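Visitor: What follows is a structure written as structure tokens; I'll ask about it next.
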Amino acid sequence: MGNDSGPSQSAGDTAGTTAARYYLLKAEPDSRIEKGKDVKFSVDDFEEVKTSPWEGVRNYEARNIMKEMKVGDKALFYHSNCKEPGIAAFAEVSKEAYPDCTPYSQTPSEHPYYDAKSDKTNPKWYMVDLTFTSRAAHFVPLALLRYIASVPLPKSGDTVPGLIPELSYLPRASVLALQGMGLVTRGRLSVQRVKQEEWDAINLLAERGGWEGLDLKKLGSGASSSSAAKSKAKPPAKLPATKGRGKKRAKAGDDDEEEDREEDVNGEEGEAGQTAKRGKAAVATGKRSRAAEVPPAEEASTDLGEDVAAVEGGTRRSSRRIASKATESTPQPSKSKKRKVKG
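Quick note on full-length UniProt numbering: the sequence shown kicks off at 1 and runs consecutively.
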């Protein structure tokens, strides 16, 4: 049925053939009305239905990641766009990618995920079926992962002294894995790949817990005493005040707490499209840099440049200096020479 990712397998067949791969998929646990319908899907909903099609993905890169999934691959179920985003459960792929035809099962205008540019015979969008396997014994919040990502790693050894005592069970390898996890470094993508080391670290956190009752945001801001010492030793250079700069940076810093609605319905396809966008941005930046390197005509260096600028500004003293310099630069015949010529 339009499945380009190979023949289906049962969940148990993958263990003896190829190693399972790991992913993270996001859903919104709080009510949000889209075209008159509630698109809420929490861990409670997931546990109740057991298996659900992962419909409504409208981002090319996320769609392409789903198309590579195989039956038996493992998944982290993530609460997104809510007060406390984080990993709430574990799941498994039970059906490989097939066309997302939900917009055509009812009146298009009534469906929250309808895309008029997607044709039923040649669909742009795909989905997989995901089956609930278990809840996380301890909900793993995004704030915790950000805190772990902020802790400096020692150059050697298996422990991380900078961690709070409640997380001392995390080995260095797990901390290193979480610091490179796409959820922490990229964030805004509803379907993400997860490495096995990251999967193992999340499982360890979900099993052991230990951070309940702690203010994770404060921990994240004060995690690294050595980093704070470095910042005191070398204060950052002060930038000139610019209108709106502070507000813009503040928005960029805290935009991940409410996150992740798909925004690329009409964008360029996949990673190739993103590469093309980055290339265009680089070309534009290069043009601006070259333009900045060429000095304007009025700033060109000449012997009388400063005086000319002053004359244009209305300074009489400078104009006199210009006149005197011009007179000095023109050779004048001496009186003695004139007398010799007459004789």
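Backbone N, C-alpha and C fix where the C-beta goes; we use that ideal spot for every residue, glycine too. Source: prediction; values computed, not measured.
1. Which residues in the same chain have their Cβ closer than 6 Å to the Cβ of T302, if we skip the five residues on either side of it in sequence?
2. Leaving aside the five residues before and after Y169 along the sequence, list all residues of the same chain whose C-beta is less than 7 Å from its C-beta, in chain order.
3. From T185 to R63, what distance separates their C-alpha atoms?
4. For E84, which residues of its own chain have a beta-carbon under 7 Å away from its beta-carbon, when the five flanking residues on both sides are left out?
5. Within 10 angstroms of the Cβ of N59, are there 16 or more other Cβ atoms? Answer buried if so, exposed if not.
6. Where A20 and K74 are concerned, what is the direct C-alpha to C-alpha distance, given to the nearest angstrom?
7. Could you tell me the alpha carbon to alpha carbon distance between Q192 and S156, rounded to whole angstroms?
8. Buried or exposed: which applies to K35, given that a residue is buried once 16 or more other Cβ atoms fall within 10 Å of its Cβ?
9. Quick one, which of E96, P161, L204, L219 has its alpha-carbon nearest I87's?
10. Applying the criterion that 16 or more other CB atoms from any shown protein chain within 10 Å of the CB defines a buried residue, is V128 buried or exposed?
11. What are the complete beta strand (DSSP E) segments, minimum 3 residues, inside the stretch 74-106?
12. So, using beta-carbon positions, are L76 and L24 closer together than 8 Å?
13. Given K124, which residues of its chain have a CB within under 6 Å of its CB, disregarding the five upstream and five downstream residues?
14. Can you tell me where the beta strand (DSSP E) holding Y126 begins and where it ends?
15. Where does G26 land, buried or exposed, given buried means 16+ other C-beta within 10 angstroms?
16. Tell me which same chain residues have a C-beta within less than 8 Å of the C-beta of E166, skipping the five on either side of it?
17. In the DSSP assignment, what are the bridge partners of Q192?
18. For K195, which of G182, R188, G72 has the nearest alpha-carbon?
Guide: If we stick to the structure as given:
1. Here residue 302 refers to the residue found at position 302 of the sequence shown. Any reading at T302 needs caution, since the residue's pLDDT is 40, under 50, leaving its predicted position unreliable; the model's value is listed next. The beta carbon of T302 sits closer than 6 Å to none of the beta carbons in its chain outside the five residues before and after it.
2. For the purposes of this step, residue 169 is taken as the residue at position 169 of the sequence shown. In its chain, beyond the 5 residues on either side, R208 have a beta carbon closer than 7 Å to the beta carbon of Y169.
3. Taking the first residue of the sequence shown as position 1, residue 185 is located at position 185. Taking the first residue of the sequence shown as position 1, residue 63 is located at position 63. In this model, T185 and R63 are separated by some 20 Å (Cα to Cα).
4. For the purposes of this step, residue 84 is taken as residue 84 along the sequence shown, with counting starting at 1. Correct list, in chain order: P141.
5. Walking along the sequence shown from the start, residue 59 turns up at place 59. By the neighbour-count criterion, in which 16 or more other beta carbons inside 10 Å mark a residue as buried, N59 falls on the buried side.
6. As a working mapping, residue 20 is identified with position 20 in the sequence shown. As a working mapping, residue 74 is identified with position 74 in the sequence shown. Rounded to the nearest whole angstrom, the CA to CA distance from A20 to K74 is 7 Å.
7. What you label residue 192 is simply residue 192 of the sequence shown in a count that begins at 1. What you label residue 156 is simply residue 156 of the sequence shown in a count that begins at 1. It is roughly 30 Å from the alpha-carbon of Q192 to the alpha-carbon of S156.
8. For this step, residue 35 is matched to residue 35 along the sequence shown. When all chains shown are included, K35 counts as exposed.
9. Here residue 87 corresponds to residue number 87 of the sequence shown, with the count starting at 1. Of E96, P161, L204, L219, the residue nearest in Cα terms is L204.
10. Along the sequence shown, read from residue 1 onward, the residue named residue 128 stands at position 128. V128 is buried by the Cβ-count criterion.
11. 74-79, 86-99, all fully within the stretch 74-106.
12. In the sequence shown, counting from the first residue as 1, residue 76 sits at position 76. In the sequence shown, counting from the first residue as 1, residue 24 sits at position 24. Yes, the pair counts as a contact, with Cβ atoms nearer than the cut-off.
13. On the sequence shown, residue 124 is found 124 positions in, with the first residue counted as 1. The residues are S118.
14. As a working mapping, residue 126 is identified with position 126 in the sequence shown. If you look at Y126, you'll find it in the beta strand (DSSP E) that goes 126-141.
15. Working through the sequence shown from its first residue, we reach residue 26 at position 26. Note on residue identity: the sequence assigns Lys, not Gly, to residue 26. With 16 or more other Cβ atoms inside 10 Å of its own Cβ, K26 counts as buried.
16. Within the sequence shown, numbered from 1, the residue matching residue 166 stands at position 166. Excluding residues within five positions, the ones whose Cβ falls inside 8 Å are G210, W211, L214.
17. Along the sequence shown, read from residue 1 onward, the residue named residue 192 stands at position 192. L24, per the DSSP bridge assignment.
18. Along the sequence shown, read from residue 1 onward, the residue named residue 195 stands at position 195. Cα-wise, what sits closest to K195 is G182.
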